[in-house]
Amino acid sequence: MTVGSAVPAAGPARDAAVDVYGELVFVRRFLEKVHALYRQGHVHGPAHVGIGQEAIAVGVARALRPEDRSIGTYRGHAHALARGAPPDAVLRELLGREGGICAGKGGSMHITSVEYGYFGSYAIVGAHLPIACGLALADQLRSAGRVTVCFFGDGTTNIGAFHEAVNLAAVWGLPVVFVCENNGYMEYTPIGDMTPVPRPAADRAGAYGLRPITVDGNDVRAVRDVTGEAVEAARAGQGPAMIEARTYRMTGHSCADPGKYQPPDEVERWAERDPLLVHRAVLVDAGVPAELVDEIDSDTRTEVDELAADILAAAPITGDNALTDMWSDGGARWRN
Amino acid sequence: MTVGSAVPAAGPARDAAVDVYGELVFVRRFLEKVHALYRQGHVHGPAHVGIGQEAIAVGVARALRPEDRSIGTYRGHAHALARGAPPDAVLRELLGREGGICAGKGGSMHITSVEYGYFGSYAIVGAHLPIACGLALADQLRSAGRVTVCFFGDGTTNIGAFHEAVNLAAVWGLPVVFVCENNGYMEYTPIGDMTPVPRPAADRAGAYGLRPITVDGNDVRAVRDVTGEAVEAARAGQGPAMIEARTYRMTGHSCADPGKYQPPDEVERWAERDPLLVHRAVLVDAGVPAELVDEIDSDTRTEVDELAADILAAAPITGDNALTDMWSDGGARWRN
Amino acid sequence: MAELTYRQAVAVALAQEMARDERVVLLGEDIGSGGVFKTLTGLTERFGATRVRDTPISEQAIAGAAMGAAMAGLRPVAEIMFSDFYATCWDQVANEIAKTRYMTGGQVSLPVVIRGASGSGGLGFGSQHSQAVENWAMCVPGLKIVSPATPSDMVGLLAAAVRDDDPVLVFEHKALYSMKEEFPVEDGTDHVVPLGHARVVRPGQDVTLVGLGFSVGLCQRAAERIDQEGVHAEVLDLRCLVPLDAQRVLDSVRRTGRAVIVEENPGQLGWAAAIGSIVAEEAFDALTAPPVRVSGANVPLPVATALEAAVNPSVDDIVTAVRRVLDPAPRTLCRPGVLNPSIP
Amino acid sequence: MAELTYRQAVAVALAQEMARDERVVLLGEDIGSGGVFKTLTGLTERFGATRVRDTPISEQAIAGAAMGAAMAGLRPVAEIMFSDFYATCWDQVANEIAKTRYMTGGQVSLPVVIRGASGSGGLGFGSQHSQAVENWAMCVPGLKIVSPATPSDMVGLLAAAVRDDDPVLVFEHKALYSMKEEFPVEDGTDHVVPLGHARVVRPGQDVTLVGLGFSVGLCQRAAERIDQEGVHAEVLDLRCLVPLDAQRVLDSVRRTGRAVIVEENPGQLGWAAAIGSIVAEEAFDALTAPPVRVSGANVPLPVATALEAAVNPSVDDIVTAVRRVLDPAPRTLCRPGVLNPSIP
Ligand SMILES: Cc1ncc(C[n+]2csc(CCOP(=O)(O)OP(=O)(O)O)c2C)c(N)n1
Ligand SMILES: Cc1ncc(C[n+]2csc(CCOP(=O)(O)OP(=O)(O)O)c2C)c(N)n1
Ligand SMILES: [Mg+2]
Ligand SMILES: [Mg+2]
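Order-wise, the sequence lines are chains A, B, C and D.
Residues in the first sequence are numbered consecutively from 1, following the working numbering.
Residues in the second sequence are numbered consecutively from 1, following the working numbering.
Residues in the third sequence are numbered consecutively from 1, following the working numbering.
Residues in the fourth sequence are numbered consecutively from 1, following the working numbering.
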């Protein structure tokens, strides 16, 4: 499969490329909306968006089948949406309205949509990598052909759970693809200051007998293609893979963080490589009319604005269900 | 420094080589004695000996200065003795007699001799690697020129603490030398079954920007020389090193384990490479009279037998000090 | 009726469940050869290495993989060899496994069992291999906590744990592994003891002794001793901390008016405090003496025989406690350093 | 007198100690730029990056390095950003730091401080960023446990922790960071509050309210409310769980005859149970009502505002508890689901 081959001027490949653009734009507008709502005080608790990193979530999702699984972090809105999780239920969760995808219990950091194969967002760095191994183990034993993708950040490569999980995946030959979103930063600290190797994930692949795979994380087609190869290899029983996708976090670590430590020229350089611009250029090269692209942009903005307005108009949820869904019997009784 | 260069027929180098042999033999007899005492029911709690692995503890100790630090595992008797910890106090600890090096509180798995630079034996796999980083950090900041050596097993390379510690050491350029004693086994499981790379430590060094260093762990001089280079580099401020010493555990995992899973021909092959035989051959090559070597053997046996007999003759300790040395005030009061 | 050891009971329970349900898989370190406590003998031979899976020394990966596998439809039983090692995967257990059903609004089910050896019992395993960390777990809502005191309970409670749709931690007391009991072991045995029901080990009307795991036997021996003095103690085996059969404890204490709660662990904070508080809060009017805890000293477990004995609660300690709660005056009994070795 | 926030107090205490003692070094994630809660603002500028050390995201390495450095003569202060993350290095804390002095027979000293943000306080941080894990720590002998409730106590207790030769865990409540107090901040301030002394927040004779950290404020507000009804509550701030000023609590309860213990965490097992048990055991004769715990519900902390409020203990809950312990009949007050939200 050739990475980043030209999109033809017409036909299903072109339509798919336009679709992908629509998804990228939708996720971007959604994240920007979350950021704005947070700043306006509508989000209870912290929120983390991945503005600038959307091509990874979208590109990976395009490489998966509906029955495949994915799992990610507190910075997981894009990953849930890209798998098909309903934006309405996600935003309701963020805003504490009835119909939230986690019933108001998870909030921004724990967006989960099992229905759409997204097995959750975890807020302790590294914790979900071992969990991804478990998802993949279940499939290896009982549903051969399903693959799990596990997203994580560059900073996560320094925590013990990363090591144990990737090692276990390699020892057991699990159908799991690890995707490092290297956005250059931990919270405030540049990853280069805290890793002894230049590529935090790729340069560690060898420690687990894996091949280092890197990809331009701002090129949605490259992400899709590279992930697709790894996913199909895993599907075929060839074991795990480690992909490092280089990207950039265009805002602060969380919506509360102005990101002052991010040098302006660095931000500018990456703005030029914005995944929406990159993919827009591909479309334009393929002869997609600029008006069509602009229409997608403005329609999406309206769609997201309306979605948010509708949800904001509803009353915040009450505390009625505080003691449900603790145990499998649906309640929270721990004693008689 | 040439590894395994010939020992001259006379002079201080020859005397040192003979000394080393004496140490190897002493440690071996001591460990065999512990094993026998355990089998006779004299040791309360588990005990782990490293029969067959002595050349690593002894060789590394020879590469250290008295002010250097070392730290190890439950399989740590050899490592304490090699640094100079009094055998009497170590054996008293193992037998629960007055004068035990940890006052009867640590037992076999926690032999510690801060006085001789051995900062303890830790019984949770991997836990002491981060602690080693801390020892080295203190020296980096306040006693430049001191080095810490951290011993651990092959199975330990799969646990998260290993990853975090080696990474931190690399990021901070700490004066710490990690020495993996690859004896081929976790408890019962061959390490090859549970690692995706052939050399569990050396093949991971690159993940931390370190050079893979391997050495024949049954050749005491090779261990000393290779460790010496790494220690002197660390002393000079050149940062950490990762050494993998290949060796073999000639008995079961603990003294309670008959080690039936160890194939007889494997045991036999390694018996031919017994570190005592290897070093004995070096001495004989150098013209050391066989009688001298035999005398060391038999004197040491007597010495260890007498030591054990003396200690066994004493009464087991009472529980009087159960509530001392909990807090820095010497007591164990946690409330008023 | 054959004799069954507590050790064998582990394999009996797991074989029973593995035969019944293909989704049950085991994972842990060195378990393929039967495990370091020989609790899993024969399972690899019977069910194969695909379902009895050796792992690297990676407790986080073990617990996390068990969790993920449970979310994807397996019913994993993970071994944490010594319960002290929960510390190395505590995040997986306390922050992920315990919380994920609730925090996803009930989207996932987590039928995970984690089991392994725990406790002291005077075997000399020392400070890093002798804790029964059920207290850490009880601080974290979302984990069921089981600690069998007999071979037949090991079969029945472990089987119930495997069938439960919630995460269950099973603490096997390593000093009980050699305990024997008459038990009908045959193929097709289907012994299940539902979680959350305390067991009346012996009835009595003068004082209630509450134990768990190893301390049940201590309570029993203390009860036999004082029986000769005409004091009839009721001995309760809690079996589970979560779900807790508080009602059974309260019923008993309301009858006897006195409670002595015996915990092997340090008493600084432990389940005995939870039981003591529940008794004080909910059976206050029935109490004729303060509820008293007998527990381990607040130090890491030392190794030398006499030291370990000095630190662990003993039958003597329980007998002393019982005599004191029976003494009509003074009623404020448990002064530091007197009854409770946990208060140095 | 200037105003000092609880947030600023952290840096004030550390600056005071770092200036006094060169061996004090800080380590943690993203601390070089002042830390994610801005508790360390200005320290890098003043003491340099060698003593204010950024680390990788490696909690085990952070805690372990702190331990090793302490054994080798430094006095490290490590940050665990959110106390929930103790789970990722629990082995270092519970099995190594807590035990090594004792298990080596006193060969080493461990002057380690670990500090960081903890607790809920209604900020919406959710189930993995809101626990106050002091209860896990209290289950483990060998750790001193401090939780300041005011800015001046933050200065004094944190300073005392740094000077202590034992491991001390300091839990900063994140909902208190913006709390202000008049406090004389000037260079050379040498404010130290010795560990192990509870604080009488307000005296009273009718009931004793016991709080820690954030719950001290809840107790205070409840006391003010019931004061208007003529009920005078004594409010105690425990400040430390270890060493525990049990005497101060017992003295107070012996005077008032009633204790309400208020803990933000789930009540299934927590420090309130330890206090409740001590009160029941040692002040039994003085009690005119059962000791009662008010604590968080036994669920992971949910995020939505109303859900979080429903689960956390409130001033209302405390007032209700006080009214009940003052009600002469019935004396057995705390039935499941009535007083204590922790019992669903
Ligand atoms: C174990 C743990 N330590 C620290 C944190 C606090 N924390 C949250 S996100 C983060 C940075 C993670 O960096 P990276 O893995 O690169 O992911 P990114 O946020 O850049 O997507 C940190 C330190 C945490 N959540 N869990
Ligand atoms: C965290 C943890 N998991 C498991 C164990 C049980 N255990 C003790 S030694 C051991 C094997 C260690 O193998 P290796 O690192 O190769 O050291 P060796 O015993 O061969 O010297 C295991 C699994 C432990 N002590 N700690
Ligand atoms: Mg990052
Ligand atoms: Mg080994």
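Ideal Cβ positions, reconstructed from N, Cα and C, are used throughout, including at glycine.
In this text the structure is predicted, and so the values were computed from the model without any measurement.
Would a C-beta distance cut-off of 8 Å place residue i and residue j closer than the cut-off?
i, j, result
"B/Ile213", "B/Ala132", "no"
"D/Met67", "D/Leu110", "yes"
"A/Asp378", "A/Arg146", "Absent from the model: residue 378 of chain A. The displayed extent of chain A is 1 to 336, so no value can be given."
"C/Pro302", "B/Lys260", "no"
"C/Met179", "C/Val10", "no"
"D/Glu234", "D/Val200", "yes"
"A/Asp193", "D/Asp54", "yes"
If we count the other Cβ atoms within 10 Å of its Cβ and call it buried at 16 or more, is residue i buried or exposed?
i, result
"C/Ala198", "buried"
"C/Ala246", "buried"
"D/Ser215", "buried"
"A/Glu291", "exposed"
"C/Leu339", "Only weak support exists for where C/Leu339 lies, its pLDDT of 38 falling under 50; the coordinates are left without a value."
"A/Thr189", "buried"
"B/Gly331", "exposed"
"A/Val298", "The sequence given here has Ser at residue 298 of chain A, not Val. Exposed."
"B/Leu277", "exposed"
"B/Gln238", "exposed"
"C/Thr288", "exposed"
Under 8 Å by Cβ, that's how I've got residue i and residue j pegged, so tell me the actual separation to the nearest angstrom.
i, j, result
"B/Ala245", "B/Ala233", "Actually they do not touch by this definition, with Cβ atoms about 17 Å apart."
"C/Val162", "C/Val24", "6 Å"
"C/Ser83", "C/Ala117", "7 Å"
"B/Val179", "B/Thr156", "With 8 Å as the limit, B/Val179 and B/Thr156 do not qualify as a contact, their Cβ atoms being about 11 Å apart."
"A/Arg337", "C/Pro184", "With chain A covering only 1 through 336, there is no way to say anything about residue 337 of chain A."
Can you pull the chain C residues whose beta carbon is under 8 Å from the beta carbon of residue i, in chain order?
i, result
"D/Pro203", "Chain C residues near D/Pro203: none, gap ~23 Å exceeds 8 Å."
"A/His110", "Met103, Thr104"
"D/Ser277", "Ala272, Ala273, Gly276, Ser277, Ala280, Pro291, Arg293"
Could you work out which residues of chain C lie near residue i, taking near to mean beta carbons separated by less than 9 Å?
i, result
"B/Thr195", "Pro56"
"B/Asn158", "Thr55, Pro56, Ile57, Ser58, Ala61"
"A/Val114", "Met71, Thr104, Gln107, Val108"
"D/Ser314", "Within 9 Å Cβ-Cβ: nothing; D/Ser314 doesn't reach chain C, min ~19 Å."
Which residues in chain B sit within 9 Å of residue i, going by Cβ to Cβ distance?
i, result
"D/Pro243", "Trp327, Arg333, Trp334, Arg335, Asn336"
"D/Thr256", "Those do not exist, as D/Thr256 stays about 19 Å from chain B at its closest Cβ, beyond 9 Å."
Mind listing the chain A neighbours of residue i? Cutoff is C-beta to C-beta under 7 Å, in chain order.
i, result
"C/Thr208", "Result: empty, since nearest Cβ-Cβ is about 17 Å, beyond 7 Å."
Along chain A, in chain order, which residues have C-beta atoms closer than 9 Å to that of residue i?
i, result
"D/Phe85", "Ile124, Val125"
"B/Asp420", "No statement about residue 420 of chain B is possible, as the shown extent of chain B runs from 1 to 336 and does not include it."
For residue i, go through chain B and note every residue whose CB falls closer than 8 Å to its CB, in chain order.
i, result
"D/Ala246", "Arg335, Asn336"
So with CB distances below 7 Å, who are the chain C contacts of residue i?
i, result
"B/Tyr261", "Ser33"
Listing by chain order, which chain D residues have their CB less than 7 Å from the CB of residue i?
i, result
"B/Phe119", "Met71"
"C/Val299", "Tyr102, Pro141"
What residues from chain A crowd round residue i, counting only those whose CB sits closer than 8 Å?
i, result
"D/Thr305", "His44, Gly96, Pro316"
"C/Asp91", "Ile124, Ala127, Ala161"
For the stretch 94-124 of chain D, which residues have a CB atom closer than 8 Å to at least one CB atom of chain A, in sequence order?
Cβ contacts with chain A come from Leu123, Gly124.
Contact residues within the stretch 138-161 of chain C, judged by C-beta distance below 9 Å to chain D:
For the stretch 138-161 of chain C, the beta-carbon criterion of a distance under 9 Å to any beta-carbon of chain D is satisfied by Met138, Cys139, Val140, Pro141, Gly142.
Give the residues from the stretch 63-75 of chain C that approach chain A closer than 9 Å (Cβ to any Cβ), ordered along the chain.
Ala63, Gly64, Ala65, Ala66, Met67, Gly68, Ala69, Ala70, Met71, Ala72, Gly73, Leu74
Chain B contacts made by the stretch 25-47 of chain D, where a contact means CB separation under 9 Å
Val25, Leu27
In chain order, what residues of the stretch 164-185 of chain D put their CB closer than 7 Å to some CB of chain B?
Asp165, Asp166
Within 9 Å of chain C by C-beta, residues of the stretch 218-232 of chain A in sequence order
Going along the stretch 218-232 of chain A in chain order, one finds no residue with a Cβ nearer than 9 Å to chain C.
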